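Same order as they appear, the protein sequences are chains A and B. Its first residue numbered 1, the first sequence is counted upward by one per residue in this note's numbering. Its first residue numbered 1001, the second sequence is counted upward by one per residue in this note's numbering. Idealized CB from N, CA, C, for every residue including glycine. Here the structure is a predicted model, which is why all the values come from computation and not from measurement. Here is the structure we will look at, set down as structure tokens.
Protein chains: 2
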Amino acid sequence: MKNIKISALFLVVGSFILNAQSLKSPDGKFEMSFQLKEGVPYYDLKYQGKTVVEESKLGLRLLRDGDIQFASEIENKDQKGKNLDNGFTKTAEKFDAKNETWDPIMGEKKSYINHYNELAVTLDQAANDRHIIIKFRLFNDGLGFRYEFPEQKNLNYFIIKEEDSEIDLPTDMKAWWLAGDYDSQEYKTQTTQLSEIPAQWPTSYDGNASQTLIKNAVQMPLMLKKEGKDQMYINISEAAVINYAAANLELDATNFKFKTHLTPDGQGAKGYIQTPAVTPWRTIIASPKAEEVLASKMIFNLNEPTQYKDTSYIKPTKYMGVWWEMIIGKSQWAYSTANNVHIGKTDFTKLTPNGKHAANNTKVKEYIDFASANGFDALLVEGWNTGWEDWFGHSKEFVFDFITPYPDFDIKMLNDYAHSKNIKLMMHHETSGSATNYERWADDAFKLMNKYGYESAKTGYVGNIIPRGEHHYSQWTINHYLRIAEKANDYKIMINSHESVRPTGLSRTYPNWVAAEAARGTEFEAFGGNNPDHQTILPFTRFMGGPMDYTPGIFQTKLDYYFPGDTRFVKTTLAKQLALYVVMYSPLQMAADLPENYAKHMDAFQFIKDVAVDWDDTKILSAEPGDYIHTARKAKGKDEWYVGGITDENARNFTVDFSFLPKGKKYEATVYADGDDADYIKNPQSYKIYKKTVTNKSKLPMKLARSGGYAISVKVIK
Amino acid sequence: MKNIKISALFLVVGSFILNAQSLKSPDGKFEMSFQLKEGVPYYDLKYQGKTVVEESKLGLRLLRDGDIQFASEIENKDQKGKNLDNGFTKTAEKFDAKNETWDPIMGEKKSYINHYNELAVTLDQAANDRHIIIKFRLFNDGLGFRYEFPEQKNLNYFIIKEEDSEIDLPTDMKAWWLAGDYDSQEYKTQTTQLSEIPAQWPTSYDGNASQTLIKNAVQMPLMLKKEGKDQMYINISEAAVINYAAANLELDATNFKFKTHLTPDGQGAKGYIQTPAVTPWRTIIASPKAEEVLASKMIFNLNEPTQYKDTSYIKPTKYMGVWWEMIIGKSQWAYSTANNVHIGKTDFTKLTPNGKHAANNTKVKEYIDFASANGFDALLVEGWNTGWEDWFGHSKEFVFDFITPYPDFDIKMLNDYAHSKNIKLMMHHETSGSATNYERWADDAFKLMNKYGYESAKTGYVGNIIPRGEHHYSQWTINHYLRIAEKANDYKIMINSHESVRPTGLSRTYPNWVAAEAARGTEFEAFGGNNPDHQTILPFTRFMGGPMDYTPGIFQTKLDYYFPGDTRFVKTTLAKQLALYVVMYSPLQMAADLPENYAKHMDAFQFIKDVAVDWDDTKILSAEPGDYIHTARKAKGKDEWYVGGITDENARNFTVDFSFLPKGKKYEATVYADGDDADYIKNPQSYKIYKKTVTNKSKLPMKLARSGGYAISVKVIK
């Protein structure tokens, strides 16, 4: 009897063990558990024994195998059995671990540490004689997981109806979120409790050139804070979105449960998969300290190393642009008064110039003069090419050819002129969302760039995507961005994409895709305006997966300078604009204002001229999402550091502790700070500049004005 | 008083005249009237005073101007005022005429006569301060009309919801029709009265790789016959479908009224128009004689002359193919047993050959030997390139690269071998409907063709179109076919497109687009089967807008020869197969059977070897749609004629009158006729061949078996 009882107990215990598995992070603080409950997979996450993510379901629902017909045939209610979300048994688990460092070509540090423990569970779905793998990687900064679909007899092609990966949070939390959308991330970040999201959602967005809202959904990266006891900062995002739709998160606001919501194509299908295949990684970065979330490189670590053979052409870029003056309305992208042009047919030399075309020989040369004299790498010129007269709002497929300059833009002369002054022009490829057209012209467009010595292109996707029906974050469009990056690599060209999908660590695999906008940038200060806390949030959200071309550096923040009575203004002080170069990481940074505004403040401009954009090291000194960020970074290959601090609509004090400096050296710190009477509304251009000698023992008290900041360049005294 | 009365009368008469306009054909037999009734445009057509088309409405409905959003936003019920179908006044009319001949590069005659009277009415829509033009061209063989949208202040961009061009017939009529569809024309032609179409429609189609039926609609070209007194044969079609969707016809079966129904994109929009723009021509060819409908070149006349600079590479092609043996199931396109391959990643040399791959070096050489020995210009080889293992049914975008041969197809060796035997290989580009992928690879694909000396490519579109949501006949896809034709011209390549849109006379403008399938061809004899009257109908329908690659020439009509017990068979006699080369015009003709079957009937095969495919002259001797066609054609540049006659499921007699021959010459006629006991079911291979000397006074009685025919080569005796 005893034997039988013991055996039965063992069996019970054994089966419990067999169906549940756990994983710890290298430092043991995180623990993740995986279990099957009645054939349905779940996971959870704890930090030092406290629940970060409650038991959350995993799985995918599928449309029928094979060729998908049109919308009316997509719903297949009979296909319950064929979903990849039930009926599983675990047939294998495999543990693995990695501890490596790798050097990004450009980054916030010279080397990133990639250290994790891994668990891959093989789940067999007997009813359909097929299996999938769910792979978990647990880092010291959190969890990543993805689905893998090995090539096998009964799983070759399938179409995803929806991925249902849940992240079930234990309590209500503070959240910094954007309204969910298939086409735009250019909304103001909302700061509310999770439970308040449904009520806030309807007013959480403004109009956009291309938008498709998803009710009660939010975007990723999503930043959360569990306040009070066992405080945790949590960031939810995705890594390595390749040949897969980008995801939003649906919210069950009663249970504080998020679930992935993929971007569909025009027919409602959410992914066309051929095995072997993997999904993106769903990432949950968490720490009691906000600074450690900001410092996390998990999303990059989860991306594959690049296969590019030659990456020597990929380098940091500081640039100015013939751009802001069009954004504010002082001049135009278009050359003529026409409102209806046919690329390849219209003779642009016969059109009537509108007199406001910015990208003309005279003006571009002036910008070249200023930018080159001040040591910039490149000058962006928008509006250089034919087609701007009717580029937007008409679903015009053949909207640009990317190779024909306007009559007043002498592409050869201007590039020769720029090169004679040791600066390059930066190409502009506005696609107007017409991705099929851009692909058609990409080879010729890149050949033109090679011919005239352009090294980088800013691309744009303003407007609905063509193929019509696809969204900016649909699988097809994701693959389009990657095709462009790969083709650009063939031509040794760097890409900075605007209105594209936000990066998900892909700069590791596609390092020439150096930056993206893909969020509400500085230009919106001239449109609906940005909130004063905007820049204290974005590094915790948009920037987590990769750099953003935020285009900072506006010195003339009030636009009534140009247009009397104009109430628009950039909602920061001038000093805060300088700090952004440090606080917001990008290897491609713009000094966005007009030369004349810098000319009036060459003392402040010196910081922008000095600041590096590529780093050996980064220290997040202090940060709270939505409130303040203070960051110090060491310039790559130099004995120089740059410190930047910003605040929201509240004035703040902060003491910069220079203990990050190496011992035994002296440095000259040049401090650019808000003036004592500075205020982002009343006195934004009040700033002071002073020098101090500092060592690693120094501490410097800083006063930040409302939506103010400071920037410090720290150069070794030899 | 009198004066006032007269003036009033004059005013009434005058306004009647002002609002109605008429046009006559050059020979005066046709008369067309245009009128506005309460601001709505109408036209009608009479032949010798009898109504051919009753008063029929014209116009278009528009979606809102500007950027179209996704499906839910397309319906804009407020936009009544903005349609282009009401509120018009006629502000101008312009008459014109043309009488020219032009020489097609390849055709049924050396020269075509383009002779018409034209009326262009300008219609002003005061409420929206914009105008359109409706242009009518009246030929001796019927009417063409189209809409024109001049570039103007208030008409620059619009999106078509539907074009509502009506063709209101006066009575019930006999109709030869296909079920309306956005993706396929591969259905069996139905023969019913118009009034019977709704009842017949549900059973009028079978399954297809890609199909989107439109209930109670029919396709164009549509063939009609008003029987009885004032008999008329009427063909309704369209010409010059460029940058516009192809149309089906909705039928109001009670009123015998057709209306255009354009092919939508995935969002339901039916055309994105930028002015200046024109629609395709809607064509109504009519004659009391069926033969004159067949002889009509109106659709070609309504197309623009080509802008191609060099057309010397465009020439007639007689070809054989490694093809039929796959169609019947004797061998395969695919090389290996795999069912899941990744182009660019899978190493095909490591896959297990399936042992049935037809496009292998040994077999291709055998076909080359036979085809070259028998004077053919080219040999098509399908299944030469990687990707066939999983090419269909998976919505796989990157399905082929069009440049990588299978391991057993040595592209260099085989092309060298072919060229050494004075024959070319014909390229095959099956796109699987993945048009975006084909465009991506087209340059490399065409460069490969140039490298190895391929002159022509058969393209295929089997499966749903990618961009997903577009249809085979959507505006986007129409433009895709044209982009491919234009790019092929850059590489001096001829295109023969299968499963594409049916031609609408475009071979005048794009002469390298030499042929298309775009209908139910010979291959369907091995699938669902074709009706015995099929080939007596197609010249009146499918062929009206351009050649069809019908791929005739099957000698081994019964497939139980390959597969004992197989009930499939080609539903014609062997002699009828020979006649098809004359009755069905194409400058690109295939001898579709396997060499071994020709080898067994080299006497009959001689006709295929002899027959021309490009012509100085064509005489339709006698024809009745669905019953019989007898045609004589003069070979271009030779003193040779070819005569062909076919019948439906009924045996028939016909006397060939050789009065088309020039006087005073003697010709040797070699007659290939059904044997006395021939029958398409019981004895299809019974044929007799005999020679006769003929002059233009000769008459030759022919007996055609059930679904039989005869072919005669007529060569001058010097």
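Between the segment 1207 to 1215 of chain B and the segment 1500 to 1509 of chain B, are three or more C-beta pairs nearer than 8 Å? no
Going by other Cβ atoms of all chains shown within 10 Å of its Cβ, with 16 needed for buried, is Y510/A buried or exposed? Locating residue 510/A in the first sequence gives position 510, counting from the first residue. Buried, since its Cβ has 16 or more Cβ neighbours within 10 Å.
List the whole-angstrom C-beta distance separating G460/A from E430/A, where the pair is believed to meet the contact cut-off of C-beta under 8 Å. Taking the first residue of the first sequence as position 1, residue 460/A is located at position 460. Taking the first residue of the first sequence as position 1, residue 430/A is located at position 430. Yes, they are in contact, since the Cβ atoms of G460/A and E430/A sit about 4 Å apart, within 8 Å.
In this structure, how does DSSP classify D416/A when only helix, strand and coil are distinguished? As a position in the first sequence, residue 416/A is number 416, starting the count at 1. Note: D416/A maps to helix in three-state DSSP.
C-alpha gap between F1524/B and K1094/B, whole angstroms: As a position in the second sequence, residue 1524/B is number 524, starting the count at 1. As a position in the second sequence, residue 1094/B is number 94, starting the count at 1. Cα to Cα, F1524/B sits roughly 48 Å from K1094/B.
Would you grab the beta carbon distance between S1456/B and E1397/B for me? Rounded to a whole angstrom, and I think it's under 8 Å. As a working mapping, residue 1456/B is identified with position 456 in the second sequence. As a working mapping, residue 1397/B is identified with position 397 in the second sequence. With 8 Å as the limit, S1456/B and E1397/B do not qualify as a contact, their Cβ atoms being about 26 Å apart.
In the structure shown, what three-state DSSP assignment does D181/A receive? Within the first sequence, the letter at position 181 stands for residue 181/A. Three-state DSSP puts D181/A in a strand.
Taking three-plus beta-carbon pairs below 8 Å as touching, is the segment 103 to 120 of chain A in contact with the segment 186 to 197 of chain A? no
Supposed close pair S1336/B, T1352/B - CB separation, criterion 8 Å: On the second sequence, position 336 is the one that residue 1336/B refers to. On the second sequence, position 352 is the one that residue 1352/B refers to. About 6 Å separates the two Cβ atoms, so the contact holds.
CB of V514/A within 7 Å of CB of M544/A, strictly: The residue you call residue 514/A lines up with position 514 of the first sequence. The residue you call residue 544/A lines up with position 544 of the first sequence. No, Cβ-Cβ distance for V514/A and M544/A is not below 7 Å.
Using the beta-carbon of each residue, which ones in chain B are nearer than 9 Å to P305/A? Here the question's residue 305/A lines up with position 305 in the first sequence. The premise fails here: P305/A is roughly 18 Å from chain B at the closest Cβ pair, so nothing lies under 9 Å.
Do the CB positions of Y642/A and S586/A come within less than 7 Å of each other? As a first step, residue 642/A must be located in the first sequence, where it is residue number 642. As a first step, residue 586/A must be located in the first sequence, where it is residue number 586. Going by C-beta atoms, Y642/A is not nearer than 7 Å to S586/A.
Using DSSP's beta-bridge definition, name the partner residues of D1124/B. Along the second sequence, read from residue 1 onward, the residue named residue 1124/B stands at position 124. DSSP, once it has assigned bridges, lists T1089/B, H1131/B as partnering D1124/B.
Using 10 angstroms around the beta-carbon of K226/A, count the other beta-carbons present and answer buried if the total reaches 16, otherwise exposed. Here the question's residue 226/A lines up with position 226 in the first sequence. Buried, since its Cβ has 16 or more Cβ neighbours within 10 Å.
Can you list the beta strand (DSSP E) stretches of 3 or more residues lying completely in the segment 1457 to 1512 of chain B, in chain order? 1494 to 1498
For the beta strand (DSSP E) containing D1206/B, name the first residue and the last one. Position 206 of the second sequence, counted from the start, is the residue given in the question as residue 1206/B. Premise fails: D1206/B is in no beta strand (DSSP E) and is neither H nor E.
Residues near L1224/B in its chain [Cβ-Cβ closer than 6 Å; skip 5 each side]: As a position in the second sequence, residue 1224/B is number 224, starting the count at 1. For L1224/B, where only same-chain residues beyond five positions count, the Cβ hits under 6 Å are M1173, A1175, I1234.
Could you tell me the distance, in whole angstroms, from the CA atom of G28/A to the CA atom of G142/A? In the first sequence, counting from the first residue as 1, residue 28/A sits at position 28. In the first sequence, counting from the first residue as 1, residue 142/A sits at position 142. About 11 Å.
Going along chain A, which residues have a C-beta under 9 Å from G1107/B? Translated into the one-based positions of the second sequence, residue 1107/B becomes position 107. What G1107/B touches in chain A: nothing, since even the nearest Cβ is about 30 Å away.
Kindly indicate if chain B contains any beta-carbon less than 7 Å away from that of R130/A. As a working mapping, residue 130/A is identified with position 130 in the first sequence. It does not; no Cβ of chain B falls within 7 Å.
Quick one: using the 10 Å Cβ neighbour count with 16 as the cut-off for buried, is P701/A buried or exposed? Stepping through the first sequence from its first residue, residue 701/A is reached at position 701. Label assigned to P701/A: exposed.
Rounded straight-line distance, which links the Cα of P547/A to that of E31/A: The sequence position of residue 31/A within the first sequence is 31, counting from 1. The sequence position of residue 547/A within the first sequence is 547, counting from 1. Approximately 30 Å, taken between the alpha carbons.
Is it a yes or a no for the segment 625 to 636 of chain A touching the segment 647 to 659 of chain A, going by three-plus beta-carbon pairs under 8 Å? yes
What is the rounded straight-line gap between the Cα of A1247/B and the Cα of G1268/B? Position 247 of the second sequence, counted from the first residue, corresponds to residue 1247/B. Position 268 of the second sequence, counted from the first residue, corresponds to residue 1268/B. Approximately 14 Å, taken between the alpha carbons.
Taking 6 Å as the line, does the beta carbon of A711/A fall inside it for any heavy atom of the ligand PLP? This structure lacks the ligand PLP, and indeed carries no ligand of any kind.
Quick check: what's the CA-CA separation for D1614/B versus R1568/B? Position 614 of the second sequence, counted from the start, is the residue given in the question as residue 1614/B. Position 568 of the second sequence, counted from the start, is the residue given in the question as residue 1568/B. In a straight line, the C-alpha of D1614/B is about 33 Å away from that of R1568/B.
What in chain A is Cβ-close to K1558/B, meaning under 8 Å? As a position in the second sequence, residue 1558/B is number 558, starting the count at 1. Those do not exist, as K1558/B stays about 32 Å from chain A at its closest Cβ, beyond 8 Å.
P1041/B - DSSP class collapsed to helix/strand/coil: Numbered from 1 along the second sequence, position 41 holds the residue referred to as residue 1041/B. Note: P1041/B maps to strand in three-state DSSP.
Bridge partners of F34/A, per DSSP? Start at 1 with the first residue of the first sequence, and residue 34/A comes out as number 34. DSSP, once it has assigned bridges, lists Q21/A, Y43/A as partnering F34/A.
Determine whether the Cβ of E163/A lies closer than 7 Å to any Cβ atom of chain B. Against the first sequence, residue 163/A aligns to sequence position 163. Answer no: the Cβ-Cβ gap between E163/A and chain B never drops below 7 Å.
Measure the alpha-carbon distance for S1507/B versus E1517/B and round it to whole angstroms. One-based indexing of the second sequence puts residue 1507/B at position 507. One-based indexing of the second sequence puts residue 1517/B at position 517. Distance between the alpha carbons of S1507/B and E1517/B: 14 Å.
Starting from the beta carbon of E1291/B, find every residue of chain A whose beta carbon is closer than 7 Å, and list them in chain order. Numbered from 1 along the second sequence, position 291 holds the residue referred to as residue 1291/B. What E1291/B touches in chain A: nothing, since even the nearest Cβ is about 42 Å away.
Among A1526/B, Y1562/B, P1150/B, I1134/B, the one whose alpha carbon lies nearest that of Y1043/B: Mapped onto the second sequence, residue 1043/B falls at position 43. Residue I1134/B is the option with its Cα nearest to Y1043/B.
Under 8 Å Cβ to Cβ from I1284/B, same chain only, skipping five residues before and after it: list those, please. Locating residue 1284/B in the second sequence gives position 284, where the first residue counts as 1. Closer than 8 Å at the Cβ level, and outside the excluded window around I1284/B, lie L1045, V1052, V1053, G1142, L1143, G1144, I1167, I1234, N1235, I1236.
CA-CA distance, R706/A and Y550/A? Translated into the one-based positions of the first sequence, residue 706/A becomes position 706. Translated into the one-based positions of the first sequence, residue 550/A becomes position 550. Approximately 20 Å between the Cα atoms of the pair.
Where the segment 193 to 211 of chain A meets chain B: residues whose CB sits under 7 Å from a CB there: none
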